[in-house]
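Input: a single structure, listed below in structure tokens.
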Amino acid sequence: MKELSVFDIIGPIMIGPSSSHTAGALKIARVAKMLAATKIVKVHFKLFGSFARTYRGHGTDRALLAGILGFDTGDYRVRDSFELATEAGIEYTFEEMDGETDYHPNTVVITITEANGDICTLRGASIGGGEIEIHELNGCNVTFSGKNNAVLIRSKDRPGVIAPIINLLAKHKINIINLNAYCEERGLTGFTVVEFDGVLSPEVVKEISNQPDVYSATFLKVK
Amino acid sequence: MKHGLDFTNGAELLALCKEHEMTISEAMFSREVSKFGADHEEVWANMEKALDVMRESVRDSQKGDLKLLGGYISGESKKLLRRIERKGALGGMISRASAYAMGVLELNASMGRIVAAPTAGSSGVLPGVLVAIDEEFEFDDESLVRALFNAGAIGYIISRNATLAGAEGGCQAEVGAASAMAASMVCELLGGSPEMCLAAAGDAISNILGLVCDPVGGLVEYPCQKRNAMGVANAIISAEIALATGGQRLVPFDEVIAAMYNVGRSIPYQLRETALGGLAAAPSVKNIKPGCATCGGCK
Chain A
1 MKELSVFDII
11 GPIMIGPSSS
21 HTAGALKIAR
31 VAKMLAATKI
41 VKVHFKLFGS
51 FARTYRGHGT
61 DRALLAGILG
71 FDTGDYRVRD
81 SFELATEAGI
91 EYTFEEMDGE
101 TDYHPNTVVI
111 TITEANGDIC
121 TLRGASIGGG
131 EIEIHELNGC
141 NVTFSGKNNA
151 VLIRSKDRPG
161 VIAPIINLLA
171 KHKINIINLN
181 AYCEERGLTG
191 FTVVEFDGVL
201 SPEVVKEISN
211 QPDVYSATFL
221 KVK
Chain B
1001 MKHGLDFTNG
1011 AELLALCKEH
1021 EMTISEAMFS
1031 REVSKFGADH
1041 EEVWANMEKA
1051 LDVMRESVRD
1061 SQKGDLKLLG
1071 GYISGESKKL
1081 LRRIERKGAL
1091 GGMISRASAY
1101 AMGVLELNAS
1111 MGRIVAAPTA
1121 GSSGVLPGVL
1131 VAIDEEFEFD
1141 DESLVRALFN
1151 AGAIGYIISR
1161 NATLAGAEGG
1171 CQAEVGAASA
1181 MAASMVCELL
1191 GGSPEMCLAA
1201 AGDAISNILG
1211 LVCDPVGGLV
1221 EYPCQKRNAM
1231 GVANAIISAE
1241 IALATGGQRL
1251 VPFDEVIAAM
1261 YNVGRSIPYQ
1271 LRETALGGLA
1281 AAPSVKNIKP
1291 GCATCGGCK
């Protein structure tokens, strides 16, 4: 069980009106922003369930864009994120999705297009009180809270790929909180999410991506 | 201050306060420092920041006209404040505290900045009570920061043993919890013992037991805003009763929280933040789209 801090009760400091539909939405988009390696030029939000029905009245749209811009939940600029996104050269669209899905009722799918033409996608849910869960990254099903710093590693799916990475993190005194391995295509592509305490320098991220059979490593700095 | 202190419910909190001769706010402050290895000054400064934002939210809510997202509410706070000059039926302090709480909900609905305490939907209760009681008794800032640790202890126990989410437990878990937190906080500010604080918090929840969450249009506006005003009055009444009658209650605090959780679980899905039942399904409002009252974009 997660230990509650007094600031989980008296907090967060946030732009209203809703911890799930405003603050939580922003946090999901802030994780998505970090998937992009180069400048973001376009972003598309697919809104599901309660997000689709009530997003305007909750400022969910502005909060999502604010997350893409990297703002904090208590930042007054959340209110002006449409204008600020346009100024930053980011094109944005929202799509209300109808019908039943298996997704959590407060779900958004975010598709980001980067300046170099790369596309990344993320599906996240706002599960209450500003807490979030990430459920899909670039087409691969995952589960993590977006609460801890994490590194996403795409690699060949074969035994032993993860071991040198763990050794490397140990060498840099990184304390692992959670590690999950998923396979995108059995025997072909594997996907590993490692959550940890501390911060990775760009050099360590590079070291990870240079390991045998590792295709890419992305550092998600959420705190 | 002692380290390594922790508690999981009201009974343990009282035992701790008794053993170390400390107040609830001191117990919660030491728990935070020992549990998370955090720096004393940093923990204190973070709570000072929360107090600042709460004060600012009351102040900002009384400036100019706010543009609200849903448009189901607007400007009720100022109208209630004006009643004080005409000697309305409420006393001055409850009048102001309720009006401030409503103002914070208006600010929240206009994408203003608030402290979720414990949630955005119940974010008016603590600032409303704090600002008004400070105007009445003129506390120093240190007392007000302490008061927030006291309130945090009550919220923590409710979250740990029940829930603070309207989607799980109805409005009793949001405005009810905020009201219990405020009741205990007022009790300590006015010199009440830890037993009195828990009695006040228990009474505040008991008075709102079973209240459903039925936001019109699914938005945090109506009836949330007025329920925050009610939560303020309920908190002050509960604190005064505890201060007048002592800490004993027929049903102890922990059992009230257990009852609140069980009641919450038996509230039908339609009445837990889904906007499918209660006031949200009333004929006059069920077909209004959020924002229609103010936006006028389609005209």
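In order, the protein sequences belong to chains A and B. Take the first sequence: its letter number 48 is residue 48 in this note's numbering, and every next letter is one higher. Take the second sequence: its letter number 18 is residue 1018 in this note's numbering, and every next letter is one higher. We put the beta carbon where it would ideally sit given N, CA and C, even for glycine. Source: prediction; values computed, not measured.
- For the segment 1114-1140 of chain B, the set of residues with a beta-carbon nearer than 7 Å to any beta-carbon of chain A comprises I1114, V1115, A1116, A1117, P1118, T1119 and A1120, in chain order.
- Under DSSP, K156/A shares a beta bridge with T189/A.
- If you compare the alpha carbons of N175/A, A85/A and E133/A with that of T93/A, the shortest gap goes to A85/A.
- The residues P1194, in chain order, have a CB closer than 8 Å to that of K1018/B in the same chain once the five nearest residues on each side in sequence are set aside.
- When the beta-carbon positions are compared, A1050/B and I10/A come within less than 8 Å of each other.
- For S216/A, same chain residues with a beta-carbon under 7 Å away, outside a window of 5 residues either side, are R154 and S209 in chain order.
- Judged by their CB atoms, I162/A and L169/A are not nearer to each other than the 8 Å cut-off.
- N1108/B has a beta carbon lying within less than 8 Å of a beta carbon in chain A.
- At a cut-off of 8 Å between C-beta atoms, A1165/B counts as an interface residue with respect to chain A.
- Distances from the CA of D118/A to each of P159/A, I166/A, L35/A and R77/A were compared; the closest alpha carbon is that of L35/A.
- Taking a contact to require three or more Cβ pairs closer than 8 Å, the segment 1138-1146 of chain B and the segment 1102-1120 of chain B do not qualify as touching.
- Straight-line measurement puts the Cα of A1235/B at about 17 Å from the Cα of Y1156/B.
- Proximity of chain A to G1277/B at the Cβ level (cut-off 8 Å) is not reached, the minimal Cβ distance being about 15 Å.
- For F1253/B, the nearest beta carbon of chain A is not closer than 8 Å to its own beta carbon.
- Interface criterion not met: the Cβ of M97/A is under 8 Å from no Cβ in chain B.
- Close to chain A, meaning a Cβ-Cβ distance shorter than 9 Å, are the following residues of the segment 1023-1039 of chain B: M1028, F1029, R1031, E1032, K1035, F1036 and A1038.
- Identification of residues in the segment 1152-1163 of chain B having a C-beta nearer than 7 Å to some C-beta of chain A yields G1152, G1155, Y1156, S1159 and R1160, given in sequence order.
- Counting the other CB atoms within 10 Å of its CB gives A1097/B a total of 16 or more, which places it among the buried residues.
- In chain order, A1162 place their CB closer than 6 Å to the CB of Y1261/B, counting only its own chain and leaving out the 5 sequence neighbours on each side.
- Under the DSSP assignment, I40/A falls outside any alpha helix (DSSP H), being part of the beta strand (DSSP E) whose first and last residues are I40 to F48.
- A check of alpha carbon separations from G130/A across G24/A, G16/A and D8/A identifies G24/A as the nearest.
- Neighbours of G11/A in chain B, taken as residues whose beta carbon is under 7 Å from its own, are A1050, V1115 and A1116 in chain order.
- From the listed residues P164/A, E91/A, L47/A and L179/A, the smallest Cα separation to Q211/A is found for P164/A.
- Taking C-alpha positions only, A1183/B is separated from I1237/B by approximately 8 Å.
- C1224/B sits away from R1272/B, with the two beta carbons spaced by 8 Å or more.
- For N1046/B, the chain A residues whose Cβ falls inside 7 Å of its Cβ are F7, in order along the chain.
- Taking a C-beta distance under 8 Å as the contact criterion, M1102/B and L1080/B qualify as a contact pair.
- Closest option to H104/A, judged by alpha-carbon separation, among F48/A, D213/A, K171/A and A115/A: F48/A.
- For V1232/B, the closest Cβ of chain A is not nearer than 8 Å.
- Within 10 angstroms of the beta-carbon of Q1248/B lie fewer than 16 other beta-carbons, which makes it exposed.
- According to the DSSP secondary-structure assignment, L122/A is paired through a beta bridge with I110/A and L137/A.
- Around the beta carbon of V214/A, a 10 Å sphere encloses 16 or more other beta carbons of the protein chains shown; the residue is thus reported as buried.
- Contact between V199/A and N149/A holds, since their C-beta atoms are separated by about 6 Å, short of 8 Å.
- Listed in chain order, the non-local C-beta contacts of L1164/B below 8 Å within the same chain comprise P1118, T1119, G1155, I1158, A1173, E1174 and A1177, local neighbours out to five positions each way being set aside.
- I174/A sits in coil when the DSSP states are folded into three classes, being neither helix nor strand.
- Neighbourhood of V1220/B in chain A, by CB distance below 8 Å: G16, P17, S18 and H58, in chain order.
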